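The opening residue of the sequence shown carries number 111 in our numbering; numbering runs sequentially from there.
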Amino acid sequence: MTTTSPPSEPSPSHSTSPPLQAEAIPSTSPHPKMAHPFGTFSVALATTPTVVSTFFSHILSRRRRRSAARKSIADGGAGGGPEAELSYEEGLKVVRRFIEFASHRGVEEVQAFTAMQVPTPHWVRRKTVTIPQPIIERAETILAKHLSSYGPDGTNGGGLKLVGGERWWRVRGRALEGEWVEMQKDYLRRKANADQKSTVAEAAGAPSHRSYLPIDKGLGAEVIGDRVILYVHGGAFFFSSLDTHRYQVQRHARKAGARAFCPAYRLAPQYPFPCGILDALASYLYLLYPPAGAHQPILPTSIILMGDSAGAGMVLSLLIVIREMGLPMPAGASLISPWVDLTHSMPSIGGWDGGDFIPSSGFHYKPSAAWPPLAGDGITVTMPDGTDRHFDEQIQMYCPNDLLTHPLISLVNQGSLGGLCPLLIIIYLAHKAAEPMTYPPSSSTLSQYPDQAALANRYKPTKVHLQIYEGCCHVVPTLSWTRSSKYMYRACANFNIWAFTAAAKALEHGLKHKHSGSGSKEPSRQSTLATEPIRDAAPNGFSSTAETRVETATPSPAAPVSGALDGSAPSSAGPSTVDLTRPIINSSAASQANAEEVDLADLESEASSESDDDAASLRADASTPATGIVTVSGAEPMFGSKTIVSERVSTHGRIRPFEPIAEVPALDPGLREHIGQVHGGGAIQEWLKKRAEWDDKYESSLITWREVRKVDRERAEKEGFLSRDLHGERPPLASLAGWWDQEIARGVGKSVDEISRKTSGAVMMWMKMSSKADKERAGGENLEEIKETVQAEMEEEKEEKQGVASRRRSSVAARRQSIVQPQGQET
111 MTTTSPPSEP
121 SPSHSTSPPL
131 QAEAIPSTSP
141 HPKMAHPFGT
151 FSVALATTPT
161 VVSTFFSHIL
171 SRRRRRSAAR
181 KSIADGGAGG
191 GPEAELSYEE
201 GLKVVRRFIE
211 FASHRGVEEV
221 QAFTAMQVPT
231 PHWVRRKTVT
241 IPQPIIERAE
251 TILAKHLSSY
261 GPDGTNGGGL
271 KLVGGERWWR
281 VRGRALEGEW
291 VEMQKDYLRR
301 KANADQKSTV
311 AEAAGAPSHR
321 SYLPIDKGLG
331 AEVIGDRVIL
341 YVHGGAFFFS
351 SLDTHRYQVQ
361 RHARKAGARA
371 FCPAYRLAPQ
381 YPFPCGILDA
391 LASYLYLLYP
401 PAGAHQPILP
411 TSIILMGDSA
421 GAGMVLSLLI
431 VIREMGLPMP
441 AGASLISPWV
451 DLTHSMPSIG
461 GWDGGDFIPS
471 SGFHYKPSAA
481 WPPLAGDGIT
491 VTMPDGTDRH
501 FDEQIQMYCP
511 NDLLTHPLIS
521 LVNQGSLGGL
531 CPLLIIIYLA
541 HKAAEPMTYP
551 PSSSTLSQYP
561 DQAALANRYK
571 PTKVHLQIYE
581 GCCHVVPTLS
591 WTRSSKYMYR
601 ACANFNIWAF
611 TAAAKALEHG
621 LKHKHSGSGS
631 KEPSRQSTLA
641 TEPIRDAAPN
651 GFSSTAETRV
661 ETATPSPAAP
671 VSGALDGSAP
681 SSAGPSTVDL
691 TRPIINSSAA
701 SQANAEEVDL
711 ADLESEASSE
721 SDDDAASLRA
731 DASTPATGIV
741 TVSGAEPMFG
751 SKTIVSERVS
761 THGRIRPFEP
771 IAEVPALDPG
781 LREHIGQVHG
791 GGAIQEWLKK
801 RAEWDDKYES
811 SLITWREVRK
821 VDRERAEKEG
831 FLSRDLHGER
841 PPLASLAGWW
851 DQEIARGVGK
861 SVDEISRKTS
871 GAVMMWMKMS
881 SKADKERAGG
891 ENLEEIKETV
901 QAEMEEEKEE
911 KQGVASRRRS
921 SVAARRQSIV
931 QPQGQET
């Protein structure tokens, strides 16, 4: 284990109690001795009956479903749910069965299984990098300053006490790594374009500004310029990995004409809140301010944040930190099924869960060294009969119960979600961001976190594009081969391309505006706070190179940043400045992006090639009023004076207007006092029932590990926690940093800290099915063939562009001639 200060071994004189006896400690191996270890074979054995039974039940009910779908369309409905597609129903039920099967193993086993390596296809380029310690330390300083502002004593920096201190969450068992992912074809194209631009710029004596993304036949954007998606994977904060999500990431990157960077952030319960947010923040800083020898610094306007489920919630938390700490704001963010309410307070949580794979009773696992922790750090809840009950048993792995309502954990409790970059959200959260004054936090939240009260009036509403996919499960892209996921991928790609383009236009407009001297600089939120160049403020690895067009000034952690962008030849007046701490896409930039000239022939949707028999028959009978079909055109809905565009999307990609807010129970402002709080009559009842069942079923394991944890925690509180330098801290009871015995801690952390050399056949098969669309557009069966394909395509495009330029010159010459020589005048 490492911290920012290397731990020292305790001296013998510090030992006041005997060490834990090895024979008294159960095995902490993620694969204890059993008939079938948790792996591909056991998972296949558990899920195969589900595959077979689902197939036959689907076939037997297919005619009835088709009839119901046609009737739904005739009545103006969505045309049937996604379960009408066999592959969707199969995938959904297999995932549900896997989660149920895994619940009978320890959480470390689940983590180890989803951390197994998955070989990367030859047509995908993957590069792993290590984020340097100086960047992590910079992120630690920024996050500590932000966390200190929460709670009743937030004005005095007391917020760190709420999370247990300021050092324990810096402990890590291995270096923070990130993974660059892109199609080999796109990488070759991007490098060729970069070399070509460099040659042209050198010949012209000035850098080129234009880096917009043309759309290629609705399939996605071409790779022009360095466009980056920072993707934070989901997995309920405690499982999954870059390997399990790479098939989703590569598709998002391909369709947006970008490359993706994915951090291998630390997982709970070993590394609970705020460990993951720290790693995400360090990754963002790494993109902006890379060390020497890494990539060129990425403009914030060339970065899109993305995430699914818990990862999407973490992205939103990162955006809050960026906003509050005055860091450069990215171009936009796409949030897929964001998990932003860990209190499970929304009314829909108690509904039927048969259409999803997330169990309504929460996640439960066989007791082990990692989970569950000792009882403590509880929360008092009012029960339906009016009595108060205190819950000490930790509910969510991401945080102790007393932090469930923390505004950076359950983001529905944020004082405001305004002032953020444009968001694509794939219900309540979207409206809270777009209408922060209509959906403020509850009075209970404001009494716990009074610092949030001032935020509601501080920020303008955030522009939000909300799409609700009819009848779909949580994070549909998990089932990437299904029809519904195809449209969701397209929606994300379309938003990402639009945001990249709009941000680039806004930046270009801002630079021209500053250079022309036609306006005064907009003041920062705290213009009295001085900024200093990053090379001076953070000499340890934070510097911009001379080749970049960004010299981002970074302040002390509390101060806002204004980015100094040298977008043209230097002038005597010095570099022009554009405030990058604010969302750069305004109404004007959004309109300009939508007005970008695109050949209509290039807007042909992938939907036109839909070959599914059901879809074809449904289209023939389609009569539902629709505003279009989901495709990739690089144009977003025109917000106009609105801050939110709300839509429903059918299984077949048809877009329909969202119903009036008054018809949506979850959007009733009267629910304010209910949202973001744990309720005794709500989801916690289902959790308690399942927990009691599991405690009874695995009573022996629970008693054994509870005793081990009790003895170890008592010693840790007396002699020092894991790194031996955490005196005065109170690490969460589930955290790795909260252990004393380092040998046990190594076993507990092995599933998240040690890189597995095993490969997962099950995940490989899942990824192969999900990557079919990417492989079809990879450009060849091997790298040499891909290179030849790219070279041929670029030559063809070059000739086409030359032809277009020639036609434009001829058109301009003709117009000039008509002006000089009016029509009808003889020569």
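Glycine included, every Cβ here is placed at the ideal spot set by N, Cα and C. Note that the coordinates shown come from a computational prediction; the quantities given were computed from them, not determined experimentally.
In terms of alpha-carbon separation, which member of the options lies closest to residue i?
i	options	result
Thr-869	Tyr-198, Gly-191, Arg-206, Val-228	Val-228
Gly-264	Pro-457, Gln-562, Ser-811	Gln-562
Gly-472	Ser-478, Asp-463, Leu-843, Ala-480	Asp-463
Asp-502	Ser-880, Cys-509, Gly-496, Asp-487	Asp-487
Tyr-275	Phe-383, Ala-285, Thr-899, Gly-345	Sequence inspection shows Gly at residue 275; the Tyr mentioned does not correspond to that position. Among Phe-383, Ala-285, Thr-899, Gly-345, the Cα nearest to that of Gly-275 belongs to Phe-383.
Val-161	Gly-201, Ser-152, Pro-438, Ala-802	Gly-201
Ser-743	Lys-799, Tyr-297, Trp-608	Trp-608
Gly-216	Trp-449, Ala-480, Arg-834	Ala-480
Counting only the same chain and skipping the five closest in sequence on each side, list residues whose C-beta sits under 8 Å from that of residue i.
i	result
Ile-387	Leu-253, Met-424, Ser-427, Leu-428, Val-431, Leu-518
Leu-514	Leu-452, Thr-453, Ile-489, Ile-505, Gln-506, Ser-520, Val-788
Tyr-599	Arg-361, His-362, Lys-365, Pro-587, Ser-590
Thr-157	Val-204, Arg-207, Phe-208, Phe-211
Using the Cβ count rule (16 or more neighbours within 10 Å means buried), how would you classify residue i?
i	result
Gly-738	exposed
Phe-166	exposed
Ile-245	buried
Glu-618	buried
Arg-356	buried
Met-547	exposed
Phe-605	buried
His-541	buried
Lys-860	buried
Arg-593	buried
Ser-733	Unreliable placement is indicated for Ser-733, whose pLDDT of 41 sits below 50; the coordinate value is still reported in the next sentence. Flag for Ser-733 reads exposed.
Lys-752	exposed
Phe-467	buried
Lys-828	exposed
State the Cα-Cα distance for the pair residue i and residue j, rounded to the nearest angstrom.
i	j	result
Gln-221	Leu-445	24 Å
Pro-767	Ser-756	7 Å
Glu-720	Glu-195	Because Glu-720 sits at a pLDDT of 40, beneath the cut-off of 50, its placement in the model cannot be relied upon, and the following sentence gives the value as read from the coordinates. So the alpha carbons of these two residues sit roughly 14 Å apart.
Ala-564	Gly-525	7 Å
Ser-458	Gln-577	18 Å
Gly-871	Phe-348	21 Å
Gly-149	Phe-223	6 Å
Trp-279	His-232	38 Å
Arg-282	Ala-745	43 Å
Asn-266	Leu-893	58 Å
Ile-813	Arg-867	33 Å
Glu-287	Ile-794	36 Å
His-168	Ser-177	14 Å
Gly-269	Val-873	41 Å
Trp-815	Tyr-475	13 Å
Arg-825	Gln-380	19 Å
Cys-583	Gly-465	6 Å
Glu-247	Pro-400	14 Å
Asp-495	Glu-796	17 Å
Pro-140	Ala-378	Note on Pro-140: pLDDT 44, under 50, position unreliable in the model; the coordinate value appears next. Going from the Cα of Pro-140 to the Cα of Ala-378 covers about 15 Å.
Asp-835	Pro-477	29 Å
Give me, in chain order, the residues of the same chain whose beta-carbon lies closer than 7 Å to that of residue i; leave out the 5 immediate sequence neighbours on both sides.
i	result
Leu-397	Val-338, Leu-340, Phe-371, Ile-408, Ile-413
His-256	Val-431, Glu-434, Met-435
Leu-556	Gln-562, Ala-563
Considering only residues of the same chain and omitting the five flanking positions on each side of residue i, which have a CB-CB separation below 6 Å?
i	result
Pro-116	Below a pLDDT of 50, predicted positions are generally treated as unreliable, and Pro-116, at 37, falls in that range; the measurement from the model is reported next regardless. Excluding sequence neighbours, Pro-116 sits near nothing in its chain.
Gly-528	Pro-546, Tyr-569, Lys-570, Pro-571, Thr-572
Leu-938	The chain is shown from 111 up to 937; residue 938 falls before or after that span and cannot be answered.
Pro-483	Gln-504, Leu-843, Ala-844
Glu-133	Note that Glu-133 scores a pLDDT of 37, beneath 50, so its modelled location is shaky and nothing firm can be said.
Comparing the CB of residue i with every heavy atom of the ligand GTP, is any distance shorter than 7 Å?
i	result
Ala-826	Of the ligands one can find in the structure shown there are none, so the ligand GTP has no counterpart to examine.
- Message: In chain order, what are the residue ranges of uninterrupted alpha helix (DSSP H) at least 4 long that sit wholly in the segment 775 to 835?
- Response: Counting only runs of 4 or more, we get 793 to 807, 809 to 829.
- Message: Give the list of continuous alpha helix (DSSP H) stretches no shorter than 4 residues that lie fully inside the segment 191 to 254.
- Response: Assignment of alpha helix (DSSP H) within the segment 191 to 254, counting only whole runs of 4 or more residues, yields 196 to 212, 217 to 224 in chain order.
- Message: Just to confirm the assignment: which complete beta strand (DSSP E) runs, minimum length 3, are found wholly within the segment 424 to 496?
- Response: Uninterrupted beta strand (DSSP E) stretches at least 3 residues long and entirely within the segment 424 to 496 occur at 442 to 446, 489 to 492, given in chain order.
- Query: Hey, which unbroken runs of the beta strand (DSSP E) at 3 residues or more fall wholly within the segment 254 to 314?
  - Reply: With a minimum length of 3 residues, the continuous beta strand (DSSP E) runs that stay inside the segment 254 to 314 are 287 to 293.
- beta strand (DSSP E) runs wholly inside the segment 517 to 550, at least 3 long, in chain order: Residue ranges of uninterrupted beta strand (DSSP E) with 3 or more members, entirely inside the segment 517 to 550 and ordered along the chain, are 533 to 535.
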